[in-house]
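Quick note on the working numbering: the first sequence kicks off at 1170 and runs consecutively. For every residue, glycine included, the Cβ atom is placed at its ideal position computed from N, Cα and C. Model, not experiment: these values are computed from the prediction. Comments concern the structure below.
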Amino acid sequence: MIRLGLCCIFRDQPIKFSTTTAASIGKMGRPGALAKLAGLCLSNAESLLRALQFCAETGIGCFRVNSQILPLKTHPTYGYQIEELPRAEEIVRGFQACGEFVRQHGLRTCFHPDQFVVLNSQRPDVVEASLQELEYQAMVAEWVAADVVNIHGGGAFGDKSRAMADFVRNFDRLSLRARKRLTLENDDRTYTPQDLLAVCRETGIPLVYDVHHHRCNPDGLTVEEATRQALATWDREPMFHLSSPLEGWEGPKPERHHDFIDVKDFPDCWRDQRITVEVEAKAKEPAVVQLALDLRRLGVGVGIPVPGA
DNA sequence: AGCGGTCAAGTTGAT
DNA sequence: ATCAACTTGACCGCT
């Protein structure tokens, strides 16, 4: 049974998440800013519940929550603590209701902090900001029952093994809440599955295997070998990533994502696994639905696993 | 209401 | 030196 995942937003469904800009918030006084931010947070909690309801109805088993679900949460000037917001308890309850929905419907949720989170940066201020961001996302992850906060290896800085040692040192500074959700994903430029698997085995951090990145940034491993070794890093349902190249594998920039998934890009060795496959396709929910149809046509089971079944 | 410039943040590699 | 790429359009001030 393959659980398919939708990333962050919708193409056709009228479900939107709101954010704001530092420039706009900066024109207000602190109370006005907090009032505006609280409204956005509350609205995002409602949107998230509707997103999860749509996923449950459609058989989409996983939803990735955008990093800006609490807008500007860790901004150096305009960041805030939840308790500072008007209606803070209502906001937290709104997200916790999402978590309850996730558990009741057998869904999965996850986070993917963006490129500014670099745990092995050579700049201490970047590491501090990264730790803060991970703690924030882990807090919301706890509310919404997300078991994965997934990041990339970060920079190489001319020496990958030294950089990964720095990564582990800073990983150890995270709270248990953040550490137990953190995962590593191979990227399309720097860190291959081979690079990360050693760290994953050493630390117990699971590997989110992105087969598209692996095809763009290969190492000595075949897709089958990387799949097998990535599966072994998980103590829960493994999570993998899939996309198709915008202009084909022979095109000028195969790392660019297509609107939809070509089912031929779905590795055969994934078919019989019980895994989550996040669909990184620009057409969003129609792309997930299309892939589900294509996989079922090939006899692959797709849907939301029933606990115990 | 519609348009276009802009949006917090890091790192790499192609031009 | 600049810029696109990365998980992704959406916000906001102007007309």
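Of the listed residues the options, nearest to residue i (C-alpha basis)
i       : options                               : result
Arg1443 : Pro1362, Val1469 and Val1457          : Val1469
Gln1265 : Ala1310, Leu1203 and Ile1194          : Ala1310
Ile1194 : Trp1403, His1244, Phe1340 and Arg1466 : His1244
His1381 : Val1448, Leu1343 and Pro1407          : Val1448
Val1313 : Thr1372, His1274, Pro1362 and Thr1445 : His1274
Leu1390 : Asp1364, Ile1229, Met1197 and Asp1431 : Asp1364
Ser1236 : His1426, Ala1307, Glu1252 and Val1271 : Ala1307
Pro1183 : Asp1379, Met1197, Phe1223 and Lys1196 : Phe1223
Trp1439 : Arg1425, Leu1415, Glu1394 and Asp1404 : Glu1394
Leu1345 : Leu1300, Met1170 and Ser1216          : Leu1300
Arg1233 : Pro1474, Asp1463, Val1475 and Thr1445 : Thr1445
Ala1325 : Asp1356, Val1317 and Ala1347          : Asp1356
Phe1280 : Arg1425, Glu1424, Cys1177 and Leu1411 : Cys1177
His1557 : Glu1424, Asp1404, Thr1402 and Arg1272 : Residue coverage of the chain in this structure runs from 1170 to 1478, which leaves residue 1557 outside it and unanswerable.
Ala1298 : Lys1242, Val1261 and Ala1220          : Lys1242
Ile1430 : Arg1256, Leu1464, Ala1401 and Glu1406 : Leu1464
Cys1272 : Ser1216, Asp1404, Leu1221 and Val1296 : A quick correction: the sequence has Arg, not Cys, at residue 1272. Ranking Ser1216, Asp1404, Leu1221 and Val1296 by Cα distance to Arg1272 puts Leu1221 first.
Pair within 8 Å by beta-carbon distance, residue i and residue j
i       : j       : result
Thr1352 : Pro1375 : yes
Arg1172 : Cys1267 : no
Asp1437 : Lys1451 : no
Leu1206 : Lys1453 : no
Ala1399 : Arg1350 : no
Val1458 : Met1408 : no
Asp1441 : Ser1413 : no
Glu1354 : Asn1319 : yes
Leu1211 : Gly1263 : yes
Leu1209 : Thr1227 : no
Leu1203 : Leu1254 : yes
Phe1179 : Leu1218 : no
Ala1225 : Leu1303 : no
Asp1379 : His1410 : yes
Euclidean distance between Cα positions of residue i and residue j
i       : j       : result
Tyr1247 : Val1368 : 35 Å
Thr1361 : Val1471 : 28 Å
Pro1455 : Ala1214 : 23 Å
Arg1466 : Leu1460 : 10 Å
Val1337 : Gln1284 : 18 Å
Tyr1305 : Ala1191 : 18 Å
Arg1397 : Pro1200 : 53 Å
Asp1341 : Cys1385 : 31 Å
Gly1323 : Leu1462 : 36 Å
Leu1415 : Pro1476 : 36 Å
Glu1259 : Asp1328 : 47 Å
Gly1417 : Val1392 : 18 Å
Phe1186 : Pro1474 : 27 Å
Asn1339 : Gly1373 : 15 Å
Ala1347 : Val1432 : 34 Å
Asp1181 : Thr1278 : 21 Å
Leu1366 : Met1170 : 25 Å
Met1197 : Pro1387 : 49 Å
Val1286 : Tyr1249 : 19 Å
His1321 : Ser1216 : 27 Å
Ile1229 : Glu1406 : 15 Å
Thr1402 : Val1296 : 25 Å
Asp1404 : Pro1282 : 22 Å
Val1261 : Ile1251 : 8 Å
Determine contact between the region 1286-1293 and the region 1325-1336, defined as no fewer than three beta-carbon pairs at a distance below 8 Å.
-> Counting C-beta pairs closer than 8 Å gives three or more between the region 1286-1293 and the region 1325-1336, which meets the contact rule.
Can you list the beta strand (DSSP E) stretches of 3 or more residues lying completely in the region 1338-1395, in chain order?
-> 1351-1354 and 1376-1379, all fully within the region 1338-1395.
With a floor of 3 residues, list each beta strand (DSSP E) that falls wholly inside the region 1275-1332, ordered by position along the chain.
-> Restricting attention to beta strand (DSSP E) runs no shorter than 3 residues, the region 1275-1332 encloses them at 1277-1280 and 1317-1321, ordered along the chain.
Length-filtered (4 minimum) alpha helix (DSSP H) runs lying within the region 1205-1288 = Counting only runs of 4 or more, we get 1257-1273.
Scan the region 1174-1210 and note each continuous alpha helix (DSSP H) run of 4 residues or more that stays entirely inside, going in chain order.
-> Entirely contained in the region 1174-1210, the alpha helix (DSSP H) runs reaching 4 residues are, in chain order, 1191-1195.
Can you list, in chain order, the stretches of the beta strand (DSSP E) that have 3 or more residues and sit fully within the region 1397-1455?
-> Runs of the beta strand (DSSP E) inside the region 1397-1455: 1408-1411 and 1444-1448.
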